[in-house]
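Residue numbers 557 to 756, in this note's numbering, belong to the letters of the sequence shown in order.
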Amino acid sequence: MTKILFATGNKGKVVEVKEILKDLEAEVITMKEAGYDIEVDENGTTYEENAVLKAKAVMEASGCLTLADDSGLEVDYLNKEPGIHSARYMGHDTSYDVKNQSIIDKLEGVPEDKRTARFVCAIAAAFPDGRIETVRATMEGIIGHEIAGGNGFGFDPIFFLPERGMTSAEISPEEKNEISHRGKALRLMRDRLIELGVFN
557 MTKILFATGN KGKVVEVKEI LKDLEAEVIT MKEAGYDIEV DENGTTYEEN
607 AVLKAKAVME ASGCLTLADD SGLEVDYLNK EPGIHSARYM GHDTSYDVKN
657 QSIIDKLEGV PEDKRTARFV CAIAAAFPDG RIETVRATME GIIGHEIAGG
707 NGFGFDPIFF LPERGMTSAE ISPEEKNEIS HRGKALRLMR DRLIELGVFN
């Protein structure tokens, strides 16, 4: 069975990743489960660059096929902030309750058609032979007027999905995996790996 390392310490991401890749003939394990504690300086200028930096660093340490993602929230009214700085927005140790309320406050009085936003996810695969593959996907929505929902993490409680009438933290985990930026990107990467014959 193919072993795939996923380079993240984010427990929410790990749950999503294992669920979406569960139908593959692969053992998906996290850095922690594999015994690696690697801090990567995410100094890239795009989601793809940051994902590649993480995937390469963990692949080089482990010798295993490694996936890594970089994702973020882009709020159009805020010039696409926080973008690639989403995890570090307002400081690493600032709670998402504070971050989310700050974004809501910045959009006080802004009409619905100007509250457009999207989640972006890039996933990189770093192979032991040095090959790199990347994919990208998005989920479109708007910034809500209040924090709502307990199913998601990060910015999910303020990311409102007009077609569903609720935030991405209010929909079920199964539905989120179907429509989310990370779910879409993981399926794109899964298909790419199958095309490349990784699971033959």
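Ideal placement from N, C-alpha and C gives every residue a C-beta, glycine not left out. In this text, all values refer to a predicted model and were calculated from it rather than measured experimentally.
*asked:* My output table needs one value for Val691: the three-state DSSP class, helix, strand or coil.
replied: strand
*asked:* Extract the residue ranges of the beta strand (DSSP E) inside the stretch 636-711, only unbroken runs of 3 or more that lie entirely within it.
replied: List check, beta strand (DSSP E) in window: 672-682 and 688-699.
*Leaving out the 5 sequence neighbours to the left and right, which residues in its chain are closer than 6 Å to Ala582 when beta-carbon positions are compared?*
Thr558 and Ile560
*Just the Cα atoms here: how many angstroms apart are Ile594 and Val614?*
Looking at the backbone, the Cα of Ile594 and that of Val614 are separated by about 7 Å.
*asked:* So, at 7 Å on beta carbons, what are the nonlocal neighbours of Gly706 in its own chain, with the 5 sequence-adjacent residues on each side left out?
replied: Ala725
_Nonlocal neighbours in the same chain, by C-beta distance under 7 Å from Asp757, ignoring five residues either side_ = Because the chain here runs from 557 to 756, residue 757 falls outside it and cannot be looked at.
*Determine the direct distance from the alpha carbon of Arg692 to that of Leu717, and round the result to whole angstroms.*
20 Å
*asked:* I want to know whether the stretch 641-650 touches the stretch 696-706 - three or more CB-CB distances under 8 Å.
replied: no
*Determine the direct distance from the alpha carbon of Val596 to that of Ser545, and round the result to whole angstroms.*
Outside the shown range of the chain, which is 557 to 756, sits residue 545, and nothing can be said about it.
_I need the straight-line Cα distance from Gly686 to Glu616, nearest angstrom please._
9 Å
_Give me the DSSP bridge partner(s) of Phe716._
Ile698 and Thr723
*Check whether the Cβ atoms of Phe498 and Gly697 lie closer than 7 Å to each other.*
The requested residue 498 does not occur in the structure, where the chain is confined to residues 557 to 756.
*asked:* Buried or exposed, going by whether 16 or more other CB atoms sit within 10 Å of the CB of Thr650?
replied: exposed
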